[in-house]
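**Student:**
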Amino acid sequence: MARSGGTAGRQGDAAKLNRGFGWIAVLGVILVVAGLTGLVYTAVATLTTMLLFGWLLLVGGLVGLLHAVQARQTNFFWLGVVVAALNIAAGVVVIKTPEAAAEALTMFAALLFLTGGVFRLVGSMVVRGPQFGWTLVQGAFGLLLGILVLATWPSSSQYVIGTFFSLSLLFDGLGLIATGYGGRRVVGMVAGR
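Quick note on this note's numbering: the sequence shown kicks off at 516 and runs consecutively.
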């Protein structure tokens, strides 16, 4: 009698796990669809990303200000107020001028690609470690990507941020689908024993 109750409990737990992994896969499908849509409409994805970023800065600044007010008896009160005010100001600027913010962020990303590419190239030549070939390819790719983005800047700012964000959504979604599908398979294998 106790054995059948234990089996029923395990089957119920397996069903709950299956549902959980199913929801993870559904979220993955939603992210994949959003990522593919963003890759088709990169300008809209860039604008949406910048507005979302602006709102996150604004809300984060307001929460930081509330936290600073609650901790006003500490030595870090004014630092918290200054950081919160900077976040609020940056959020307002990004929300009011998302195109200019996208141009600035695209320039920053291009400079990061350039410097990262140069450091990887030089580092791979100097160190010549076991990953020499991969580091060399990564450096060359980063350098090339930075040059391509800068060569078409500021027009590249209309699609660069949206493309990166959409690719991130796409790959995160594929990862969640794989996790959900793999998790369901493992639960099925364990529950079948």
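The beta-carbon is built from N, C-alpha and C at its ideal position, and this holds for glycine as well.
#1: Report all residues from its chain with a CB closer than 7 Å to the CB of residue 680; omit the five preceding and five following residues, and keep chain order.
#2: Among 530, 569, 541, whose alpha-carbon lies nearest the alpha-carbon of residue 693?
#3: Any chance you could list the alpha helix (DSSP H) runs of at least 4 consecutive residues sitting entirely within the stretch 548-605, in chain order?
#4: Tell me the rounded alpha-carbon separation between residue 549 and residue 674.
#5: Measuring from the CB of residue 576, is there a heavy atom of the ligand PLP at a distance below 7 Å?
#6: For residue 639 versus residue 628, is the C-beta distance shorter than 8 Å?
#7: Measuring CB to CB, does residue 568 end up less than 8 Å from residue 698?
#8: Taking a contact to mean a Cβ-Cβ separation below 8 Å, would you say residue 621 touches residue 570 in this structure?
#9: Could you say if the stretch 630-638 and the stretch 603-614 meet the contact criterion of at least three C-beta pairs nearer than 8 Å?
#10: What is the rounded straight-line gap between the Cα of residue 539 and the Cα of residue 590?
#11: When the distance is taken between beta carbons, is residue 664 closer than 8 Å to residue 671?
#12: So, with DSSP's three-state summary, where would you put residue 668?
#13: Just verifying my parser: in three-state terms, what is the DSSP assignment at residue 691?
#14: Out of 562, 594, 599, which has the shortest C-alpha to C-alpha gap to residue 578?
#15: Name the two residues that bound the continuous alpha helix (DSSP H) containing residue 645.
#16: Using the Cβ count rule (16 or more neighbours within 10 Å means buried), how would you classify residue 625?
#17: What residue from 684, 613, 609 has the CA that sits closest to residue 551's CA?
#18: According to DSSP, simplified to helix, strand and coil, what is residue 696?
#19: Under a Cβ-count criterion, where at least 16 other Cβ atoms within 10 Å of its own Cβ denotes burial, should residue 676 be classed as buried or exposed?
**Tutor:** For this structure:
#1: Setting aside the 5 residues that flank it on each side, residue 680 is surrounded in the same chain by 553, 560, 564, each with a C-beta closer than 7 Å to its C-beta; the list follows chain order.
#2: Taking each of 530, 569, 541 in turn and checking the Cα distance to residue 693, the smallest one comes out for 541.
#3: Entirely contained in the stretch 548-605, the alpha helix (DSSP H) runs reaching 4 residues are, in chain order, 557-585.
#4: Approximately 16 Å, taken between the alpha carbons.
#5: In the structure on display, the ligand PLP does not appear, and there are no ligands present to speak of.
#6: Annotated as distal: residue 639 and residue 628, with beta-carbon spacing of 8 Å or more.
#7: Inclusion of residue 568 and residue 698 in the CB contact set at 8 Å is not warranted, their separation being larger than that value.
#8: Note that the C-beta distance between residue 621 and residue 570 is not below 8 Å.
#9: No, because fewer than three Cβ pairs between the stretch 630-638 and the stretch 603-614 fall closer than 8 Å, the two stretches do not touch.
#10: Taking the straight line from one Cα to the other gives about 43 Å.
#11: Yes.
#12: Look at residue 668 here: in three-state DSSP terms it is coil, with no helix or strand label.
#13: Reduced to three states, the DSSP call for residue 691 is helix.
#14: When C-alpha distances from residue 578 are compared across 562, 594, 599, the shortest belongs to 599.
#15: Looking at the DSSP string, residue 645 is not in any alpha helix (DSSP H), and its letter there is neither H nor E.
#16: The residue is buried, with at least 16 neighbouring Cβ atoms inside 10 Å.
#17: The shortest C-alpha separation from residue 551 is found at 684.
#18: Residue 696 carries a helical assignment under DSSP once its states are collapsed to helix, strand and coil.
#19: It is buried - the Cβ of residue 676 has at least 16 other Cβ atoms within 10 Å.
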